[in-house]
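Quick notes on the structure that follows.
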Amino acid sequence: MGKSNHKKHKHNHKQPLFFSEFAHKSTELLTKGYYRGQIFSFTTHKDLLDLTSTIASNGRHTTAGVVGAYPYKNATFRVGVDKDLKIAANFTVSEKFLSGTKTTASLSFPDYKSSKLKFQCLREYAALAMSVSLNQYPAIKFSAAVGSSSVALGMEAEFMTTSRCFSKCSAGINMKGLNCNASIILNAAVVQFTQELSTKRSTLTVGGSCAVDSHTAVKARLDDRGRLRTNLRYNFRPKSCLSISGEFNTKAVDRSPKIGLELAIDL
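Letter 190 of the sequence shown, counting from 1, is numbered 223 in this note's numbering, and no numbers are missing.
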């Protein structure tokens, strides 16, 4: 397998992540893996090209698709097609212009409305970012995170140019460290609060994950509606795993829990 020359934005081990990055990790902890149906994915690699085929079923609907990704120097090309022959292409290029900064342009077709221009600035204990969607009525996002690699606080606000007001404000806490019990590693604990300014509705979600050993991890999340979701993940080889998830409504104990299954194989 050939080696990619794609450059990544390096972090000092003491620096915090950008809010979009630790929010992404938080979002994965709070949402990824809590399936209600069955998902099977198969990934192959040839030189720099990665091909992933996925089929998913939730009992009512079945979806399938293939995605190919190819990195070259400071650019990444990604093309996907689903079972309805809908094609989506994405091109991302990153280049550093000043020390501690990074500018990224992402163009998508045919969904051009998701194209973005992003600017990031990283300092020892702070990470700032701004992104602008490249369409007729752009949305502007501002985010900031302060702290370190082990504990970081962050927030993000979105300004809609169409209505000339802030439409959303999110805040998050990201923590990493060792539990007092050395046999269990506390990988992450997340508290996420989101305020929808247009509807004045707030949501609160709390989640955490633990690595039982080098192959097995469990995680759970609970939201303010009383929905408890759990996930057990077993990695039987690098980038290949079997995942079982469950969902239970603590405010409706008469309802049956929902079970999901995922199998991912990477060759």
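Virtual Cβ for every residue (Gly too), placed ideally from N, Cα, C.
Opening and closing residue of the beta strand (DSSP E) in which residue i lies
i, result
"residue 97", "95-105"
"residue 153", "149-155"
"residue 73", "71-79"
"residue 263", "260-270"
"residue 285", "No beta strand (DSSP E) holds residue 285; DSSP gives it neither H nor E."
"residue 92", "Careful: residue 92 lies outside any beta strand (DSSP E) and carries neither H nor E."
"residue 256", "249-256"
Residue i versus residue j - alpha carbon distance
i, j, result
"residue 89", "residue 48", "38 Å"
"residue 214", "residue 94", "Residue confidence for residue 214 is low, a pLDDT of 26 falling below 50, so the modelled location carries little weight; the figure read from the coordinates is stated next. Residue 214 and residue 94: Cα-Cα distance of roughly 43 Å."
"residue 115", "residue 157", "43 Å"
"residue 221", "residue 183", "Because residue 221 carries a pLDDT of 49, less than 50, the predicted location of this residue cannot be relied on, and the following value inherits that uncertainty. Approximately 10 Å between the Cα atoms of the pair."
"residue 51", "residue 154", "9 Å"
"residue 151", "residue 169", "17 Å"
"residue 292", "residue 278", "6 Å"
"residue 276", "residue 294", "6 Å"
"residue 65", "residue 159", "27 Å"
"residue 255", "residue 54", "22 Å"
"residue 241", "residue 253", "6 Å"
"residue 297", "residue 84", "13 Å"
Spatially closest choice to residue i from the options, by CA coordinates
i, options, result
"residue 180", "196, 154, 207", "207"
"residue 78", "282, 92, 100", "100"
"residue 148", "134, 122, 135", "122"
"residue 177", "67, 271, 164, 298", "164"
"residue 197", "260, 204, 171, 140", "171"
"residue 73", "86, 271, 246", "86"
"residue 138", "118, 119, 107", "107"
"residue 97", "105, 120, 81", "120"
Residues that DSSP places opposite residue i in a beta bridge
i, result
"residue 199", "192"
"residue 124", "110, 140"
"residue 281", "261"
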